[in-house]
Every structure is written in structure tokens, then in C-alpha cells.
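Asks:
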Amino acid sequence: MSFPYLGETKELNETTRKEANGSFITLPCGVTHYELQGPENSSTVTLVHGFSVPYFIFDSTFEFLVKAGFRVLRYDLLGRGFSDRPNVDYNIHLFTQQLKDLLDALGLKSTNLLGLSMGGPITAAFISRHPGYVDKHVLIDPAGAERVALSHLLEVVKMPILGELALGLFGSANMVKNIASDLFDPKSVEHFQEQYKIQMQYKGFKRAILSTMRSDMLESFLETYVEVGKLKKTSLLIWGKNDRTVPFENSKIILKALPHTEFLFIENCGHIPHYEKPEVVNPILLEFLSK
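Numbered according to the numbering used here, the sequence shown spans residues 125 to 415.
#1: Between which residues of its own chain and Y214 is the CB-CB distance below 6 Å, once the five residues before and five after are set aside?
#2: Which same chain residues end up closer than 7 Å to Q319 when comparing Cβ atoms and leaving out the 5 residues on each side of it in sequence?
#3: Check E386 in the structure and name its three-state DSSP category.
#4: Could you pull out every residue in the same chain whose Cβ sits closer than 8 Å to the Cβ of Q325, ignoring the five residues on either side in sequence?
#5: Is F188 near the ligand SAH, going by C-beta to nearest heavy atom under 8 Å?
#6: Restricting to Cα atoms, I'd like to know which of E270, V190, P397 is closest to D309.
#7: Per DSSP, F148 is paired with what?
#8: Looking at the structure shown, is R141 part of a helix, part of a strand, or coil, going by DSSP?
#9: For K357, I'd like the list of residues in its chain whose CB is within less than 6 Å of its CB, leaving aside the five on either flank, ordered along the chain.
#10: With G244 as the anchor, note down where its alpha helix (DSSP H) starts and where it stops.
#11: Would you list, in sequence order, the uninterrupted alpha helix (DSSP H) runs of no fewer than 4 residues that lie entirely inside the region 304-353?
#12: Looking at S252 and V405, is the spacing between their C-beta atoms short of 9 Å?
#13: Alpha carbon to alpha carbon, how far is A144 from S207? Give it in angstroms, no decimals.
#14: State whether the region 163-173 contacts the region 386-396, with contact taken as three or more CB pairs (one from each stretch) at a distance under 8 Å.
#15: In the structure shown, what three-state DSSP assignment does G256 receive?
#16: From L263 to G364, what does the alpha carbon distance come to, in whole angstroms?
#17: Between which two residues does the alpha helix (DSSP H) harbouring Y83 extend?
#18: Jot down the residue ranges of each uninterrupted beta strand (DSSP E) in the region 164-234, minimum 3 residues, whole runs only, in chain order.
#19: Taking the continuous beta strand (DSSP E) assigned at L379, which residues delimit it?
#20: I need the DSSP call for I264, collapsed to helix, strand or coil.
#21: So I362 is in the beta strand (DSSP E); what residue range does that whole segment cover?
#22: From which residue to which residue does the alpha helix (DSSP H) around P371 run?
#23: For the pair the region 213-228 and the region 240-250, tell me if three or more CB-CB distances fall below 8 Å.
#24: Excluding the 5 residues flanking K321 on each side, which residues of the same chain have their C-beta closer than 8 Å to its C-beta?
#25: Report the three-state DSSP secondary structure of N302 (helix, strand or coil).
#26: My assumption, with CB atoms under 8 Å, is that Y440 sits in contact with S234. Please give the rounded CB distance.
#27: Indicate whether G146 and S166 have their beta-carbon atoms separated by less than 9 Å.
#28: Counting C-beta neighbours from all protein chains within 10 Å, is the total for L388 16 or more, i.e. buried, or is it exposed?
#29: Can you name the residues that DSSP bridges to L238?
Pasting the structure below:
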């Protein structure tokens, strides 16, 4: 059955992708939008974004780390940004395979890995399956310590048929409004929302978001974090003290699962501290990655 996802008026193709910066690569799972910069012989950092905000969320982080001398990779998860939106289950297996296929295609057999929000479970699952690829592991306000609490609308859209209709007919404005809760400083909201809206024009976005929720990507991944903790990777956890999306209290659960992790929290900051306070977070990342 086909449902009307209002606002999705454009197809992702070679013509529309000319609007995007970065590069594109065809992987077994679909075309992936990515950006890779920095000296080839430098230490590599791979940035994995979260549930729905594509790789613009790492604009300042990417630029800072490249200028600091790292080779930095960021990319759009399938279903987001300018990456393909295949009609598949958007589950942990899809996202970890996309990451492995991308690293293999770019010849990156060793990288530091940073996961933001839902990127936390993705990076943790990747490390548990492919530990030899990853040197250091950074988590920023990671999901997966316990189930992420959803808004009333998002709980409704998980229901068959009703979900397609609710998200398709009424979801756009609510999604844009709800994304503002990621930020602590209201002055940053409007620009953030305008960047976010761009991907919503392209067909398949809401279907991918719906599938991601139905495929348990916002459930607990605690067992996976525990598995990673046993590997004793050099790890860093950063959390915004005022996070309304993934509560700050979840940091205790993550630290118990990853006992060898360095932990820093950022005051007066929401779910995306690297975006809101790059002047605080960037030096922390540089010091950790340079050790």
C-alpha cells in the first residue's frame, strides 16, 4: 500500500544530488553521501550521526579535526540526507553493514570512531563485530542505554497503517518542531531547523524514519555496550548536562557498561554539545584523539 508522504516532492538522483556538497559512492546497500578530507597518511576519524539529522550535524567538528591534521570521514546514514532511501528494514544490521562497506570501499581499515545519539549503538555494534577496524571510540550523548522515550506522535506512528497516515499527513511540522528539543540555546534553533528541512523534500525520508523506529533502533542496546566494554577500547564519553532527548542520567548506565571510559559533561548544553558548544568540545576531542 502506498501512503501520501506530504512534502516529499523530489527524487534523489544525479541531478538533485548536485545541490549537495561532498561525494557519492555506490555501495551494495545503495548510494551513500559522504565527505572525506585530510592527509592520507594521518590518523582517521569517522563521524556517525544519529536518528534523523544528517551529516551537517558535524560541520564544525569536521572542519576542526581536518584543520588539526586528521583525515576525517562523515556520511549520511541510509534514509537521511542525500544517501539512498531503499525500501528495506532500517535496523542495526543495515547501518553497521553500510559503515563497513563504506570503510572498505574507501580503503580505511583503521579508524577512530565517533557515534552521536543513535550513532552510539551503531558504532558499538560495529566494534563488537569488527573490533580490528577501530582504534579509539568516542560517544556523544549516545542512545541505547535504555529505550529512548518518544513523543506522543512518534509512539503513534509505530502502529501499522495509522503510523503511515499520521507521519505522512501531519508529520513534517511536528518533526521540525520536535528537533528543536535537541538544543539548549533557543538562538540556534531556527538555523538548525532550516538545515534539517532540506532532506525532508526527498521521497523516502519518512518511510525510512518510520522503519527505523519499527526496527528497534531506539530500544536498549545495553548488551552491545557491555560486549564493547569487554574489549577495553580507549573510549571517551561526552554528554550535555541538559539533554532532553537522551537523559543525562543514562551516562551512569553507559559508564558501567564501558568501565574504562573517560567521561566529561558539558554544562548548559542539550543533546548535541559538539554542535552547540564546539569551542568547548573540539579541544576535548583533539586532546583525546591525539594521545
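Think of the CB as a built atom: it goes at the ideal place given N, C-alpha and C, for glycine as much as any other residue.
Replies: In brief:
#1: Excluding residues up to 5 positions away in sequence, G203, A332, S335, T336, S339 lie with their Cβ nearer than 6 Å to the Cβ of Y214 in the same chain.
#2: Residues of the same chain with a CB within less than 7 Å of the CB of Q319, apart from the 5 flanking positions on each side, are F180 in chain order.
#3: In this structure, E386 counts as strand in the three-state DSSP scheme.
#4: Closer than 8 Å at the Cβ level, and outside the excluded window around Q325, lie G131, E132, T133, K134.
#5: Among the components modelled here there is no ligand, and therefore nothing to report on the ligand SAH.
#6: Closest in C-alpha terms to D309, from the list E270, V190, P397, comes P397.
#7: Looking at the DSSP assignment, F148 forms a beta bridge with H157.
#8: R141 falls in the helix class under three-state DSSP.
#9: Excluding its 5 nearest sequence neighbours in each direction, K357 has C-beta neighbours in its own chain below 6 Å: H261, listed in chain order.
#10: In this chain, the alpha helix (DSSP H) harbouring G244 covers 243-253.
#11: Every alpha helix (DSSP H) of 4 residues or more that sits fully in the region 304-353 is shown, in chain order, as 313-321, 329-338.
#12: Contact flag unset, no.
#13: About 11 Å.
#14: No, the region 163-173 is not in contact with the region 386-396.
#15: In this structure, G256 counts as helix in the three-state DSSP scheme.
#16: Cα-Cα distance, rounded: 12 Å.
#17: Since the displayed the chain opens at 125 and closes at 415, residue 83 lies outside it and no answer follows.
#18: Fully enclosed beta strand (DSSP E) runs of 3 or longer: 168-172, 195-199.
#19: It is not in any beta strand (DSSP E) - L379 instead sits in the alpha helix (DSSP H) that spans 374-381.
#20: Looking at I264 - three-state DSSP - the assignment turns out to be strand.
#21: From DSSP, the beta strand (DSSP E) with I362 extends over 358-364.
#22: Going by DSSP, P371 is part of no alpha helix (DSSP H) at all; its letter is neither H nor E.
#23: Judged by Cβ distances under 8 Å, the region 213-228 makes contact with the region 240-250, as three or more pairs qualify.
#24: Counting only Cβ-Cβ distances below 8 Å, and skipping sequence neighbours, we find V300.
#25: In the structure shown, N302 sits in a helix (DSSP, three-state: H, G or I).
#26: Given that the chain is displayed from residue 125 to residue 415, the structure contains no residue 440 and the question cannot be resolved.
#27: Cβ atoms of G146 and S166: not closer than 9 Å.
#28: So L388 ends up on the exposed side.
#29: Residue pairing of L238 in beta bridges, as defined by DSSP: L171, V262.
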